[in-house]
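In the working numbering, the protein residues as written are 70 to 330.
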Amino acid sequence: MKVLLLVAGGLLGAAPAWAQAPQDCIKDSLVSFYDTDLLEVKPANAHYTQVKLPARAGAPVVTQIFFPDGRLYSEVSYSAPDRRVVQGPVRTWYPDGQPRLEYRSDDGKIDGYLRTYYPDGSLRRNDLFAHGRLVKGQYFTPEGQLVEPHIPFRQEPAFPGGNTALVSYLQAHLTYPKSLTDVGEGQVLVAFNVTARGDVTDVRVQSGISPELDAAAVAAVRTLPAFEPGRVDGERVPMAMLVPITFKAPGVIKAIRQLGL
């Protein structure tokens, strides 16, 4: 049995953004609670409150998150009620209400200027994007000095040793179901989150082949050790990742890096 591990790390959407406090008219299923590391917790242990505003015809689909005092932390607009693709403005704020980040997304990609600010309101970042591609980047110190080389806005979670090490690790921890040794093949797309601490959580199948192969892929991903956390504007944040695992029969285990393919 040949198992091709095509490993790709990437955001499933924009980096998480948190915003406004719940209202009585919003169903409980649209409200969730997070601690300071942005891990979901029970309401009694919450620091942030996330509200998925109900979709309305002709209006943007919006998710908001609030600080403990009810002030808006972030607001993100999406293209559809499934909230998979960010479309429109994305904004975040400091606890005192000062703007922290602002940009627009087109089909899930940053388009136009992305600006971030220090707590005193001074400009921290002024990056120009063309549909996800950085055209020009400027990053400033708190004193207003331009930093060279440019510091990327988003840095994805990194597995210790890189993608090659990730492929090798999954090879070693993937157990192929014996009952399907000669017949089962296809690709399982496994999604998971890397927390702000680097832990792998919420492992699930995004698209699968069969219950047996899906379970084998998920079991391997669940054993992954901690990543170097992803960062947005230099700060650690939780990010979503994808690992496509392709089963081929018959043959031997082989790993191929996604990068460059």
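Where a beta carbon is used, it is the ideal one built from N, C-alpha and C, also for glycine.
Predicted model, so just to flag it, every value in this text is computed and none were measured.
Just the C-alpha distance for residue i and residue j, rounded to the nearest angstrom, thanks.
i	j	result
residue 111	residue 100	11 angstroms
residue 286	residue 308	20 angstroms
residue 162	residue 232	34 angstroms
residue 268	residue 291	10 angstroms
residue 115	residue 136	10 angstroms
residue 182	residue 142	20 angstroms
Quick one, which of the options has its alpha-carbon nearest residue i's?
i	options	result
residue 220	302, 170 and 237	302
residue 193	204, 208 and 177	208
residue 212	184, 228 and 189	189
residue 127	141, 149 and 118	149
residue 223	184, 153 and 240	184
residue 279	237, 125, 225 and 246	246
Taking the beta carbon of residue i as the centre, do at least 16 other beta carbons fall within 10 Å, making it buried, or is it exposed?
i	result
residue 146	buried
residue 336	Given that the chain is displayed from residue 70 to residue 330, the structure contains no residue 336 and the question cannot be resolved.
residue 90	A caution first: residue 90 carries a pLDDT of 36, below 50, which makes its placement in the model too unreliable to give a value.
residue 215	exposed
residue 167	exposed
residue 262	buried
residue 132	buried
residue 254	buried
By Cβ distance, which residues of its chain are closer than 6 angstroms to residue i, with the 5 residues on each side in sequence left out?
i	result
residue 260	273, 275 and 311
residue 160	144 and 171
Quick one: what does DSSP say residue i is sitting in, helix, strand or coil?
i	result
residue 254	coil
residue 170	strand
residue 247	helix
residue 157	strand
residue 100	strand
residue 233	helix
residue 227	strand
residue 331	Any property of residue 331 remains undetermined from this structure, which presents the chain solely from 70 to 330.
residue 92	Note that residue 92 scores a pLDDT of 39, beneath 50, so its modelled location is shaky; the value from the coordinates is reported in the next line. In the structure shown, residue 92 sits in coil (DSSP, three-state: anything other than H, G, I, E or B).
residue 122	coil
residue 313	strand
residue 110	coil
Ordered along the chain, which non-local residues of its own chain (more than five positions away) have a Cβ less than 8 angstroms from that of residue i?
i	result
residue 244	285, 288 and 289
Going by beta carbon distance, what residues of the same chain come within less than 7 angstroms of residue i, once the five residues before and after it are set aside?
i	result
residue 200	175, 178 and 180
Just checking: is the beta-carbon of residue i within a distance shorter than 9 angstroms of some beta-carbon in chain D?
i	result
residue 233	Going by chain labels, chain D is absent from the structure shown, which holds only one protein chain.
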